[in-house]
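For reference, the structure discussed in these notes is given below.
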Amino acid sequence: MVFSPSLISKLQRAESVTVFTGAGISAESGVPTFRGTDGIWKKFKPEDLANFDAFIRNPELVWEWYKYRKQLMGSIQPNAGHTALAEMEKRFAQFAIITQNIDNLHRRAGSKNVHELHGNVERNYCIGCGKTFADEEIMKMDKAPRCTSCGDLVRPDVVWFGELLPVDQWQKSVSAAERADIFFSVGTSSVVFPAASLPHTAKGAGAYVVEINIERTELSPFADEVLLGRSGDILPNILKLCRSSRMSEQN
Ligand code: BJW
Ligand code: ZN
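Numbering that gives the first Met the number 0 puts the sequence shown at residues 0 to 250.
Written out as structure tokens, the structure reads:
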């Protein structure tokens, strides 16, 4: 794979790298994306299920979707893209992953500095009293689990449309975007806000913005470079480039 001279020299000199990921990075592990040509939640738009009103209207349906996804996400493995990012983290003074994904695959691949903007599918809490529940308990209960303390509905600890993002994760993500010398946006359609504003924040603060996606997105016209292809192919090649260009300092 051939990279531009600009990206090669930026990688050689970068102190701080931030990587923003979306559903596309996990597609090669077998997690369906939400939108785009390969998005396979065809029956429902994410907006139909991923919101609190839909949950209250039909908790059985929303839970059916999440229980299916919990099982799926628990049974798959990080792919070459996740692993390459975990290796890259060791080669830069500052390295952060900002993910919109709830699947925990970055941490499972070994990445340490991960900011989760939309929650984590492995956590659950009661909407009445806030009590938390482990997946083992949840999966044993009826389709729409109820709190063992107050009887209210339990929900997955994820961020739905119209809900605020976790404040600490958001603040850390903004800081990571602002301090980045290189900002990679990987496998996201860049349509869901406020997450989709982060590449623009990074660019405004002087970062070199590189998009990796199988197709062009809303971000493409603003990116300094668009690398079209699968993240599981491109990221290992970027890691190779880091290994060769930063070898003397880091190996
Ligand atoms: C590959 C690949 C491979 C495939 N290699 N690439 C109008 C304008 C602006 C904003 C709004 C608006 N109306 C409403 C809003 C706000 C709303 C929003 O942004 N809506 C837009 C859809 C218009 N945002 C919110 O509501 C957020 N909160 C908020 O704004 O709070 C303030 C507020 C408070 C009160 C009232 C109103 C506002 C919250 C957003 C929460 C999003 N939640 C979800 C579900 C999480 C839980 C779960 O997973 O179940 O997050 S929705 C879903 O979309 C999920 C994702 O994280 C998110 C982003 O999707 P992503 O990752 O980009 O996936 P895809 O499928 O879209 O794209 C995959 C990409 O991968 C594609 O481009 C492929 O080509 C690519 N690809 N294979 C590389 N191998
Ligand atoms: Zn409760």
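We treat Cβ as the ideally placed atom computed from N, Cα and C, and that holds for glycine. Because the structure is a prediction, the values reported are computed rather than measured.
Problem set entry | Inter-residue spacing [alpha-carbon to alpha-carbon] between G29 and P235 | 18 Å
Exercise. Can you list, in chain order, the residues of its chain whose CB lies under 6 Å from that of V16, leaving out five sequence neighbours each side?
Worked result: Answer for V16: F91, F94 and I181, listed in chain order.
For this session: Please classify C149: does DSSP put it in a helix, a strand, or coil?
Result: coil
Problem set entry | Unbroken stretches of the alpha helix (DSSP H), 4 residues or longer, contained in the region 78-111 | 79-88 and 104-108
For this session: Please go through the region 183-241 and give each complete beta strand (DSSP E) segment of 3 or more residues, from N-terminal end onward.
Result: 207-212 and 224-227
For this session: Write down the C-beta distance between I101 and H114 rounded to the nearest angstrom, noting that I regard them as a contact closer than 8 Å.
Result: The Cβ separation is near 13 Å, so there is no contact.
For this session: Please state if the CB of L84 and the CB of E75 are separated by a distance shorter than 8 Å.
Result: Just to set this straight, residue 75 is Ile in the shown sequence, not Glu. Contact check for I75 against L84 fails: the beta carbons are separated by 8 Å or more.
For this session: Classify S172 as buried or exposed, calling it buried when 16 or more other Cβ atoms lie within 10 Å of its own Cβ.
Result: buried
For this session: Could you tell me if V209 is buried or exposed, where buried requires 16 or more neighbouring beta carbons within 10 angstroms of its beta carbon?
Result: V209 should be labelled buried.
Problem set entry | Continuous beta strand (DSSP E) stretch holding R122: start and end | That run of the beta strand (DSSP E) goes G118 to C125.
Exercise. Cβ of I96 versus every heavy atom of ligand 1: is any distance shorter than 7 Å?
Worked result: no
Exercise. Okay, do the region 219-226 and the region 48-62 touch, 3+ Cβ pairs below 8 Å being the bar?
Worked result: no
Problem set entry | G150 versus H81: straight-line alpha-carbon distance, rounded | 39 Å
Exercise. Whose C-alpha, out of P77, F132, M140 and C128, is nearest the C-alpha of A108?
Worked result: P77
Exercise. Exposed or buried, S189, counting other C-beta atoms within 10 Å across all chains shown (16 or more means buried)?
Worked result: buried
Exercise. Where does L251 land, buried or exposed, given buried means 16+ other C-beta within 10 angstroms?
Worked result: Residue 251 is absent from the model: the chain starts at 0 and stops at 250.
For this session: Express the C-alpha separation of V157 and K44 in angstroms, rounding to a whole number.
Result: 17 Å
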